[in-house]
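J.: Starting off with a structure, shown below.
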């Protein structure tokens, strides 16, 4: 084995982040589809690779393993134009990466998982999730009021991390028409990454 | 104002991370005590500084603001011996920083908040939190089975981030005697950081 292996679920924004970065930077990889819904991340075989039982997981050509979507992106993209060189801009990028995992993914990705992948009716989904989703989108919309990108007015890992689930907001039950700056930014980042839009037609 | 300002709650592990790093690196700062329980992070004045309504928040001498504990640590510690220079070791440090915020803080810090700060009886605390705490500690204990530090066998930001709430595990209702490698590592990191131990006597 001479290349990067990515174990990922192609329905997961966290996993797609890694694919987006590898594709953009021209890094060759082998994708091993690993279903979260089917609990393929909880088999003894997978847990031996990543005890946290989470995808994405990358295995380098020499066998070393790395988990956590944002850590993998940072590893692959270091030295590229996706990581600011200015120390404070880098710090702001980190700020948004941690905010994404703590306050955004835990709302939008989790609500999407229950609604779209587990097909639960709204009444069976934790009612605390919807206001948390709305708050995350409002914070993003305000930040984008006078900005084109999240950090330093150029595409960075902060945008890639945040777009990963934001572009699937409708599958979490949210209509981005309420957050127009976010909607326009999603289209911009999808275009920058060469992606077919995931947004529903208006 | 010519120095760093840290707005933080001194009961919060996330806020103490920033204090530990500034103290260790000899970075002068002014600490502005900001209580989470008293909702001082949700006043209009604070939200104007950090729309996410979270501490810690640092304000640099020139007025620029930075949020998210792990992002602040990275900013302050870049170039120090707390951040590995090897690219893969850095990536592993990032992996643990993101895991800490996603899978550890959301279990141990949250259960501690409800139990210790809000004084809720166990029956009123989300029952999903305890197994999540135990799983996080088990992952750490296994990782430390043959290691002294989390990454590259030396103190890094990964240890500082993870120790911040682990040392208060008993306030979350957990007895580290069940995870002896974790307990020994907490004592090691507290000693490295020059802290009086937060662990209860055995």
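Residue numbers (the working numbering), protein chains in the order written: chain A, 647 to 848; chain B, 647 to 848.
Even for Gly, the Cβ is constructed at its ideal location relative to N, Cα and C.
1) For residue 654 of chain A and residue 680 of chain A, which I take to be in contact (beta-carbon distance under 8 angstroms), what is that distance rounded to the nearest angstrom?
2) Bridge partners for residue 713 of chain B per DSSP, in chain order?
3) Which ranges does the beta strand (DSSP E) cover as unbroken runs of at least 3 residues, wholly within the region 765-807 of chain A, from first to last along the chain?
4) Quick one: list the residues of chain B neighbouring residue 697 of chain A, beta-carbon separation under 7 angstroms, in chain order.
5) Counting only C-beta atoms, is residue 666 of chain A closer than 8 angstroms to chain B at any point?
6) Could you say which of B:733, B:678, B:704, B:726 lies nearest to residue 873 of chain A if we only look at CA atoms?
7) Which residues, in order along the region 742-773 of chain A, keep a beta-carbon less than 9 angstroms from a beta-carbon of chain B?
8) Smallest Cα separation from residue 650 of chain A: which of A:703, A:763, A:804?
9) Check residue 718 of chain A in the structure and name its three-state DSSP category.
10) Would you check if the distance between the CB atom of residue 801 of chain B and the CB atom of residue 728 of chain B is smaller than 8 angstroms?
11) Residue 683 of chain B: which of B:675, B:667, B:700 sits nearest, CA to CA?
12) Excluding the five sequence neighbours on either side, which residues of its own chain have a C-beta within less than 7 angstroms of the C-beta of residue 666 of chain B, listed in chain order?
13) Does the beta carbon of residue 675 of chain B come closer than 8 angstroms to any beta carbon on chain A?
14) So for residue 686 of chain A, helix, strand or coil by DSSP?
15) Provide the residue span of the alpha helix (DSSP H) that contains residue 736 of chain B, from first to last.
16) Which one of A:711, A:844, A:725 has the shortest CA to CA distance from residue 693 of chain A?
17) Where are the beta strand (DSSP E) runs, 3 residues long or more, that stay fully inside the region 651-687 of chain A, in chain order?
18) Within 10 angstroms of its Cβ, does residue 765 of chain A collect 16 or more other Cβ (buried), or is it exposed?
19) Chain A partners of residue 710 of chain B, CB-CB under 8 angstroms?
20) Report yes or no: is there a C-beta of chain B within less than 8 angstroms of the C-beta of residue 804 of chain A?
21) Could you give the residue range of the alpha helix (DSSP H) that holds residue 831 of chain B?
22) Quick check: the Cα distance between residue 834 of chain B and residue 775 of chain B, rounded to an integer number of angstroms?
T.: Working from what's here:
1) Cβ-Cβ separation between residue 654 of chain A and residue 680 of chain A: approximately 6 angstroms, consistent with a contact (criterion under 8 angstroms).
2) Residue 713 of chain B is bridged to B:703.
3) Those beta strand (DSSP E) runs which fall completely within the region 765-807 of chain A and span 3+ residues do not exist here.
4) Counting only Cβ-Cβ distances below 7 angstroms, residue 697 of chain A has contacts in chain B at 785, 788, in chain order.
5) Closer than 8 angstroms to the CB of residue 666 of chain A there is not a single CB belonging to chain B.
6) The structure shown does not extend to residue 873 of chain A, since chain A spans only 647 to 848, so no value can be given for it.
7) Residues 742, 743, 744, 745, 747, 748, 749, 751, 752.
8) Minimum Cα distance to residue 650 of chain A is reached at A:703.
9) The DSSP-derived three-state label of residue 718 of chain A is helix.
10) Yes, they are a contact pair.
11) Relative to residue 683 of chain B, the option among B:675, B:667, B:700 whose CA is nearest is B:700.
12) Once the five neighbours on either side are set aside, the close Cβ partners of residue 666 of chain B are 806, 839.
13) With 8 angstroms as the cut-off, residue 675 of chain B does not count as an interface residue toward chain A.
14) DSSP places residue 686 of chain A in coil when its eight states are reduced to three.
15) Per DSSP, residue 736 of chain B belongs to the alpha helix (DSSP H) from 733-745.
16) When each option's Cα is compared against that of residue 693 of chain A, the closest is A:711.
17) Within the region 651-687 of chain A, the complete beta strand (DSSP E) runs of at least 3 residues are 675-679.
18) The residue is exposed, with fewer than 16 neighbouring Cβ atoms inside 10 Å.
19) Residues of chain A passing the Cβ test: 734.
20) No - not a single Cβ of chain B is within 8 angstroms of the one on residue 804 of chain A.
21) Looking at the DSSP string, the run of the alpha helix (DSSP H) that includes residue 831 of chain B is 826-838.
22) Taking the Cα positions, residue 834 of chain B is about 27 angstroms away from residue 775 of chain B.
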